[in-house]
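Note sheet for the following structure.
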Amino acid sequence: MLVVFGSINADLIFPVPTLPQVGETVLTSAYRFEPGGKGANQAVAAARAGAEVRFVGRLGEDPFAAELRRSLVAAGVDDGGLGVTPGMPSGTAVVAVDARGDNQILVAGGANLAARAEDIPEDWLGPATTLLCQNELTPAETHAALARAKARGARTVWNLAPAMPVPAEVWRHVDVLMVNRREAEVLLGGPLADAVAAARALHERFGVHAILTLGGEGAVSVHAGGHHRVPALAVEVVDSTGAGDAFCGVFAAGLDLGLALEDALAEAAIAGALATTAVGARSAYPTAATIAALRPRLGPIRRQPTG
Ligand code: RIB
Numbered sequence: 003m004l005v006v007f008g009s010i011n012a013d014l015i016f017p018v019p020t021l022p023q024v025g026e027t028v029l030t031s032a033y034r035f036e037p038g039g040k041g042a043n044q045a046v047a048a049a050r051a052g053a054e055v056r057f058v059g060r061l062g063e064d065p066f067a068a069e070l071r072r073s074l075v076a077a078g079v080d081d082g083g084l085g086v087t088p089g090m091p092s093g094t095a096v097v098a099v100d101a102r103g104d105n106q107i108l109v110a111g112g113a114n115l116a117a118r119a120e121d122i123p124e125d126w127l128g129p130a131t132t133l134l135c136q137n138e139l140t141p142a143e144t145h146a147a148l149a150r151a152k153a154r155g156a157r158t159v160w161n162l163a164p165a166m167p168v169p170a171e172v173w174r175h176v177d178v179l180m181v182n183r184r185e186a187e188v189l190l191g192g193p194l195a196d197a198v199a200a201a202r203a204l205h206e207r208f209g210v211h212a213i214l215t216l217g218g219e220g221a222v223s224v225h226a227g228g229h230h231r232v233p234a235l236a237v238e239v240v241d242s243t244g245a246g247d248a249f250c251g252v253f254a255a256g257l258d259l260g261l262a263l264e265d266a267l268a269e270a271a272i273a274g275a276l277a278t279t280a281v282g283a284r285s286a287y288p289t290a291a292t293i294a295a296l297r298p299r300l301g302p303i304r305r306q307p308t309g
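Counting with the working numbering, you get residues 3 to 309 for the letters of the sequence shown.
See below:
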């Protein structure tokens, strides 16, 4: 079972010709609402890929809340851990997407910030559980959830997005760390030269299986047994919002379902690429059948020895 403890947001998507610079006003004709939030996106991606997924988080009391819950349930995610915090708005994100599919995102946490690690039912955490977290809730609650899960024998996967410095004692509760280039730079304290070297630095510094996602250049995975370079599937990019979430959700689903690491990485890469082919974070998240059909196009992923 995959338990996602994370954010759920209303995404207000503004298509723009170019992303705004400091002090600039950019005009567009209309925005659209889509369900989003890194936690909920990852839960939906994992469920579509075939995992049994339970979501723990908080909605507010506002006109978006019902549709945000409905979208999770429609994807097959168990919403039994999704509470409501009276008097607060649901998490809301303003997502500007330019003509190349690049984005800028502002997130108002709202009710997400009321989610508590104790909201995860005790019997949802155990050796048969994978806990998947991001970094859009109150950090101390995410850290506590990771610690609780680890103490109960669960596997823990953390997409540290957005990135911020982490207290040293938290790392011993983390099995897999997933970050993009910018997030890795925050953790490592400077620009990345080489992706494999950066992922290895994350692995060695924090004692985790480190996965570095590289957008159109694929991903790198470094763990005690060596490393993998994961290619990207060539697609026409429309909107990259939520692509990292598809990668993380489908990778965690693969681990939870007992796939070989190479297969979990390949499925994640396919989902991440397909996610960029439509407007909105989740609009193009693939099913398990679509992922399987595209698997031959990615080619083999081979373990390279460390060093
Ligand atoms: O990763 C994309 C997500 O980030 C969006 O859905 C938005 O809600 C923000 O959480």
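Each residue gets a CB set at the ideal place from its N, CA and C atoms; glycine is no exception.
| Asked | Found |
| --- | --- |
| Nearest-angstrom Cα separation, counted from I122 out to G155 | 15 Å |
| Proximity test, D241 beta-carbon vs the ligand RIB heavy atom, cut-off 6 Å | no |
| Spatial distance of G111 from L70 (CA atoms) | 14 Å |
| From A286, A294, A270 and V5, residue whose alpha carbon lies closest to that of T2 | The chain is shown only over 3 to 309; residue 2 falls outside these bounds and no answer can be derived. |
| Cβ shell of H205 (< 6 Å), same chain only, five flanking positions each side left out | A212 and V224 |
| Burial state of G8, where buried means 16 or more other Cβ atoms lie within 10 Å | buried |
| Same chain, Cβ closer than 7 Å to D177, neighbours up to 5 away in sequence not counted | R157, T158, V159, V210 and H211 |
| Contact under 7 Å by Cβ, E310 with I10 | With the chain running from 3 to 309 in the structure shown, residue 310 is simply not present. |
| Between the CA atoms of A270 and N114 - distance to the nearest angstrom | 26 Å |
| P288, buried or exposed, once every other Cβ within 10 Å from all chains shown has been counted against 16 | buried |
| Residue(s) in a DSSP beta bridge with A12 | P37 and T94 |
| Coarse secondary structure for G209, derived from DSSP in three states | coil |
| Coarse secondary structure for N137, derived from DSSP in three states | coil |
| Closer than 6 Å: V109 CB and nearest the ligand RIB heavy atom | yes |
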